[in-house]
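The structure appears below as structure tokens.
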Amino acid sequence: MSRVLLLAAILCTGCESKGSSGGAGGGGTTNDGVGDKIDKAGDRAADKMKDMVPDKVKSAANAVDKSLDKLDADEVAEHVKNAQDMIARGEEPREDCGWAARAQDSEGKKMLLQLCAYEVPMIRARRALVAAEKARAEQRDAPSLTECSSDEWANVKAKLDTDHGGKAEWTDFKARWAKACPGS
Numbered sequence: 016m017s018r019v020l021l022l023a024a025i026l027c028t029g030c031e032s033k034g035s036s037g038g039a040g041g042g043g044t045t046n047d048g049v050g051d052k053i054d055k056a057g058d059r060a061a062d063k064m065k066d067m068v069p070d071k072v073k074s075a076a077n078a079v080d081k082s083l084d085k086l087d088a089d090e091v092a093e094h095v096k097n098a099q100d101m102i103a104r105g106e107e108p109r110e111d112c113g114w115a116a117r118a119q120d121s122e123g124k125k126m127l128l129q130l131c132a133y134e135v136p137m138i139r140a141r142r143a144l145v146a147a148e149k150a151r152a153e154q155r156d157a158p159s160l161t162e163c164s165s166d167e168w169a170n171v172k173a174k175l176d177t178d179h180g181g182k183a184e185w186t187d188f189k190a191r192w193a194k195a196c197p198g199s
């Protein structure tokens with residue numbers, strides 16, 4: 016359809032230029048009837064296109080938006096599931112947490128950020144706690160243990176005390192830490 020309009024426009028331009036130049040013979044003979052018909056046909060086609068294009072464009076844009084929304088929802092769900100699986104295995108979902116920090120706002124993003132803000136530090140705390148408890152079990156009478164000077168525990172403790180100080184699991188971890196590493 017756009018090719019027809021282009022052809023009509025070229026023909027109309029050609030008709031106007033021939034009609035206005037008067038030609039080499041100076042007689043000024045023109046085909047105004049044909050040019051007018053082409054102009055009118057071009058105008059009618061352009062009007063039809065103006066009426067048709069916005070609806071088609073809107074429809075296409077809506078279809079693209081729906082597809083992108085579905086892709087976004089699928090991506091969020093995939094990251095949440097992957098993070099939950101990794102956390103269940105005691106692994107840190109670094110890629111998923113990094114993705115959540117730059118993702119668009121959604122319920123899935125909120126869930127993922129909550130997992131990353133609590134569960135990931137708890138993985139680190141659990142790792143440091145298990146190492147300290149194991150060392151204490153092996154060396155019951157040792158006055159101090161290297162595992163009790165864990166930077167990981169100190170960093171996680173500061174974060175979890177600030178953000179999740181009242182959670183029962185975290186309170187239990189701190190009590191176990193105090194038992195394994197008294198005075199630290």
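Going by the working numbering, the first residue of the sequence shown is number 16, and it counts up by one from there. Cβ coordinates follow ideal geometry from the N, Cα and C atoms, glycine included.
Can you tell me the Cα-Cα spacing of Ser82 and Ala92, whole angstroms?
15 Å
Let's test the definition: count the other Cβ atoms within 10 Å of the Cβ of Ser164 and tell me whether it reaches 16, buried, or not, exposed.
Answer is exposed; the Cβ neighbour count stays below 16.
Just verifying my parser: in three-state terms, what is the DSSP assignment at Arg155?
coil
Under 7 Å: does the beta carbon of Phe188 sit that close to some heavy atom of the ligand HEM?
In terms of ligand content, the structure shown is empty, and the ligand HEM therefore cannot be addressed.
For Trp192, decide whether its Cβ has a neighbour in chain D, counting only Cβ atoms nearer than 8 Å.
Any reference to chain D falls outside this structure, which holds one protein chain only.
Since Ala147 and Ala190 are thought to touch, with beta carbons under 8 Å apart, how far apart are those beta carbons, to the nearest angstrom?
Not a contact, Cβ separation roughly 13 Å.
Given a threshold of 16 other Cβ atoms within 10 Å of its Cβ, counted over all protein chains shown, does Pro197 qualify as buried or as exposed?
exposed
If you follow the alpha helix (DSSP H) that Glu110 is part of, which residue opens it and which one closes it?
109-117
Lys124 and Ala132 look like a contact to me (Cβ under 8 Å); what is the Cβ gap, rounded to whole Å?
Lys124 to Ala132, Cβ: 12 Å. No contact.
Own chain, CB closer than 6 Å to Ala140, minus 5 neighbours either side, in chain order:
Closer than 6 Å at the Cβ level, and outside the excluded window around Ala140, lie Val171, Phe188.
DSSP on Glu106, reduced to helix/strand/coil?
Three-state result, Glu106: coil.
Out of Trp185, Leu175, Ala169, Thr186, state which residue places its alpha-carbon closest to the alpha-carbon of Ser199.
Ala169
Are the CB atoms of Pro136 and Leu86 nearer to each other than 8 Å?
Pro136 places its beta carbon 8 Å or farther from that of Leu86.
For Gly105, which of Ala60, Arg142, Gln119 has the nearest alpha-carbon?
Proximity to Gly105 across Ala60, Arg142, Gln119 peaks at Arg142, based on C-alpha coordinates.
Alpha carbon to alpha carbon, how far is Glu167 from Leu130?
18 Å
Could you tell me the distance, in whole angstroms, from the CA atom of Lys244 to the CA atom of Ala78?
No statement about residue 244 is possible, as the shown extent of the chain runs from 16 to 199 and does not include it.
Which one of Ala173, Gly48, Glu134, Ala61 has the shortest CA to CA distance from Glu184?
Glu134
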